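Here the sequence shown is numbered in the working numbering, starting from 168 and rising by one per residue. All residues carry an ideal CB built from backbone N, CA and C; glycine is no exception. Note that the coordinates shown come from a computational prediction; the quantities given were computed from them, not determined experimentally.
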Amino acid sequence: MTAPTATHAEMANAIRFLSMDAIEKAKSGHPGMPMGMADVATVLFTRFMKFDVRTPKWADRDRFILSAGHGSMLLYALGYLTGYEDLDIEQIKNFRQLGYRTAGHPEFGHVSNADTTTGPLGQGITNAVGFALAEAMQAARYGAGVANHYTYVVAGDGCLMEGISQEAITLAGHLKLSKMIVLWDDNHICIDGDTALSTSDDQCARFAAAGWATAKIDGHDENQINAAIEAARKSDKPTLIACRTVIGKGAPNKCGSEKVHGAPLGADEIKAARDAANWPYDPFVVPDHVLNAWRAAGQRGQAERAAWEARVAALAPEQKAEFARTQEGRLPANWQDVVTAFKAKISAEQPKVATRKASQDALEVLTAAIPEMIGGSADLTHSNLTNTKACSPSVQAGQYGGRYIHYGIREHGMAAVMNGLALHGGFIPYGGTFLIFANYLWPALRMSALMEQRVLFVLTHDSIGLGEDGPTHQPIETIAALRATPNTLVFRPADAVETMEAYELALLNHKGPSCFALSRQNLPTVRTTHTAENLTAKGAYVLSEASGKRQVTLLATGSEVSMALEAQKLLADKGVAAAVVSMPCWELFDKQSKEYRASVLGEGTVRVAVEALSTFGWERYVGLDGAVIGMTGFGASAPADKLYAHFGITAQAVADAALARL
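Below is the structure:
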C-alpha cells in the first residue's frame, strides 16, 4: 500500500494543533496568530525558505523574523516539524516552562531557528531591515555566490502600529532592500477587539508611499500565498504582502475574535476544533505521513547548502579567510597595535579636545584596521563625528559596498537595525546620536543587551556641558538609566586615551553592547604618561594618588575628572591629601575584586564624587557619609562655563564638600 501524501491542509493543521495543545498545557500563551498564519507559514517553509536543519546557522540561509513574537508557538511548531534537534516534542510539551528553551516569546540563543529575540512589537520588523541590509552588503563584498538570501518577516497589526515600524519601512524603501518580504497577518484584531477601535490606516498605501511593492491576498489560499511570494522575490523593492486571515483559524466558536488572541482555547473548544478538522489524533501527536512531509521540507536545503560551501571553498584564499573570520566575529590579527600607537601619541602630544572628537580620531584608525566595522548616525554625522575615511562611501540604494549608513532622524530604528546587522553576522555596527536621544532608542539597546550583541552606541553631548541647547538636550538622567540596564557597558571617558581604551574594550566585548558618553566641550589630556595597559578595563583606577597618607578620595568621570584634579590641588593647599579616581565604567569596576575596589575607593577616607549629571546611584561608591556634586534637577540654556558655576559643579565646590566632612 502506498503511504498517504500529506496535503497542505494537514501540514497547516499540524501547526495549529501543536500550538493549541502546547498553550493549553501551559495554561498560557497566544494561539490566535499561529493558527491564523499556519497556511502562510506552511507555503513559505515548504516551498520557499532556504534553510537546512542540520546546519541551523548556515550563513546564506534565508532569515525568518517572527516580529509578532507573542505567536511564538508558530516558530516552535515549525522548528519541531521541520526537525531542528533542539526543538523536540518535549520542548513543545513544556512551552513557557522554566528550564526549557520554548520561552513565551522567541529568544535568540535559546532555539536555533530564532534569528532574533522578539516580543516588544516593532523590534522584529526593524531588525529585519538590518538583516536585509547585511545581506546586500555581504553580496557587495563577496558576490552573490556567497550572499544571496531573503529576509522574511511575519508581522501583526501591533508591529505596524508601533512608531518604530515607520522608521523601518521608510529606511528599507529608501535603500531598496528588495530581498525583504513582510507577510502581514491582516486579521483585523488587536487585544482590545477589532482594529477599527484604534486605527483606520491603509497599510498598503502607507508601504507603497515608502517605496514598497504591495499585494493583498487571502491568507488561507495556498495558491494566492504562493503566487504573492513568487512575485515578491522578483521585485526590485521590498514587499508587503497583506495576508487577510482569520485569527484562531480552526477554532469553531472563538475564531475571528480577540478572545483567541492571548488565552488558551480550553478543552471543549480544542475538541470541537479536532472534530471540525477531522484531526483524530491525541495532543502533541502528528501523524507519520504529515511529520515526514515536514521533515522532508527541513532537509530541502541540503543540496543548496552544499553547493554554497563549494562556492565559498573556491574563493581566493584571502577573501575566504576574511569571510570566515568576520562571520565568526573574530577581530583581525594585530588590530590592537593601532590602539597602543594611538594612546602613545596622545600621551606625548597631550591635546585638548572634546571626547566626541577623540572618538572620531579613534574610529579613524580602528575602522581602517577593522573592515567589518560599519558606521552611521541618526542625521548627526557632523555633531557625532562618526564618519571616517575608511567608511566612505556611504551605503545607498543599489550601492551597498560602503561602510557608513545615513539612518536619518530615526534613532530607535537605527538601534534596532544595528541589532539586525550584528545578528546577521559579518559586521560590527556603531551608530551615533546625542546622549539625550538614547531615551528614544533605549528599547532597542535593551534588546542588544538581552541578545548579547556587540553593538556600539556613540552618544555625544553628554552633560550640561553641551551648553546653549538647554534642558531639552541636556541628558541629566540618561546615563543613570543606561547604567541600570543589565549587560551594558557605559563608558564616560575623561580624555582621548580613555576614549580609545573604551573602544578597545567595546570591541573585545563579544557578549553585549557598549555606550560611549562623549563631551561636546574640549577636555585636557589627563593620561599624560603612556602605559600599554588598558586602565579603563578596571572600570576605575587611581589617576593621581595623594601626597602622603590619603584623607580624601575624589571620584569623577568624563569632563569632571580634570575638575577633580583641580580640587585635589585646592585641598593640597589646605594641607589635605586627596587622591583622584577616574571612573570611566562603573560596570567594569563592579566586576573587580573586593580588595581592588577597596584600594581604589580608599577605605576610611572621605569620598566625594562629581559628575555633571544626575547624582543618582553614586551613593554606592561614596557611602552615606560622602558627598555627590552633580545635578538634582534639569539644566538650563547658557554657555557651559556659566552652567557649571550656576549649578555649583566646580572644583571649589568639590574641595569644600571634602573639607566639610573631614
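- A contact is defined here as three or more CB-CB pairs under 8 angstroms, and the region 236-250 fails this definition with respect to the region 298-318.
- Going by C-alpha positions, S544 is about 25 angstroms away from Y309.
- In terms of Cβ geometry, I572 and L810 do not form a close pair [threshold 7 angstroms].
- With 16 or more neighbouring CB atoms inside 10 Å of its own CB, S749 falls in the buried class.
- For S630, the three-state secondary structure derived from DSSP is coil.
- The beta carbon of K421 sits closer than 8 angstroms to those of G415, V427, L432 and E436, all from its chain and outside the five residues before and after it, given in chain order.
- The beta carbon of G468 is closer than 6 angstroms to those of K217, F218 and D219 in its chain, skipping five residues each way along the sequence.
- Within the region 785-813, the complete alpha helix (DSSP H) runs of at least 4 residues fall at 786-789 and 807-813.
- D229 is a Cβ neighbour of Y317, given a cutoff of 7 angstroms.
- Nearest to E668 by C-alpha distance, out of Q264, P201, K510 and S559, is K510.
- With a 10 Å radius around the Cβ and a threshold of 16 neighbouring Cβ atoms, E397 comes out exposed.
- For D385, no alpha helix (DSSP H) segment is defined; the enclosing uninterrupted segment is the beta strand (DSSP E) at A380 to D385.
- With the rule of 3 Cβ pairs closer than 8 angstroms, the region 527-543 counts as touching the region 555-564.
- Contact annotation, L344 with V413: C-beta distance approximately 30 angstroms; criterion of less than 8 angstroms not satisfied.
- Counted as a single uninterrupted DSSP element, the stretch harbouring H677 is not any beta strand (DSSP E), since DSSP gives it neither H nor E.
- DSSP places H573 in the uninterrupted beta strand (DSSP E) bounded by Y571 to H573.
- By the C-beta density criterion, G800 is exposed, having fewer than 16 other C-beta atoms within 10 angstroms.
- Under DSSP, V775 takes part in a beta bridge, and its partners are L721 and A794.
- The beta carbon of Q759 sits closer than 7 angstroms to those of K705 and G706, all from its chain and outside the five residues before and after it, given in chain order.
- In the displayed model, R228 falls within coil according to three-state DSSP, outside both helix and strand.
- In the same chain as D403, and ignoring 5 residues on each side of it, the C-beta atoms closer than 7 angstroms to its own belong to K343 and S345, in chain order.
- M540: member of the beta strand (DSSP E) spanning M540 to S544, first to last residue.
- Taking each of S615, Y448, V453 and S681 in turn and checking the Cα distance to D255, the smallest one comes out for V453.
- When the five nearest sequence neighbours on each side are left out, the beta carbons in the same chain lying within less than 7 angstroms of the beta carbon of G323 are those of M200, A235 and D352, in order along the chain.
- Exclusion of the five residues before and after V821 leaves L721, M730, A731, A734, V775, V777 and I796 as the residues of its chain whose Cβ lies within less than 7 angstroms of its Cβ.
- A Cβ-Cβ contact shorter than 7 angstroms links A744 with A713.
- DSSP places G587 inside the alpha helix (DSSP H), whose first and last residues are E578 to H591.
- The DSSP assignment places complete alpha helix (DSSP H) segments of no fewer than 4 residues inside the region 347-404 at 370-376 and 389-401, in order along the chain.
- The Cβ atoms of A418 and A440 lie closer than 7 angstroms to each other.
- By DSSP's assignment, V532 forms no beta bridge with any residue.
- Burial is judged here by how many other beta carbons sit within 10 angstroms of a residue's own beta carbon; I356 has at least 16 and is buried.
- The continuous beta strand (DSSP E) containing S711 extends over residues Y708 to S711.
- In the three-state reduction of the DSSP assignment, R462 falls in the helix class, which pools H, G and I.
- For L690, the three-state secondary structure derived from DSSP is strand.
- Along the length of the region 437-505, whole alpha helix (DSSP H) runs at least 4 residues long occupy 455-465, 469-480 and 484-495, reported in chain order.
- Using a 10 angstroms sphere on the CB of A684, the tally of other CB atoms reaches 16 or more, which defines it as buried.
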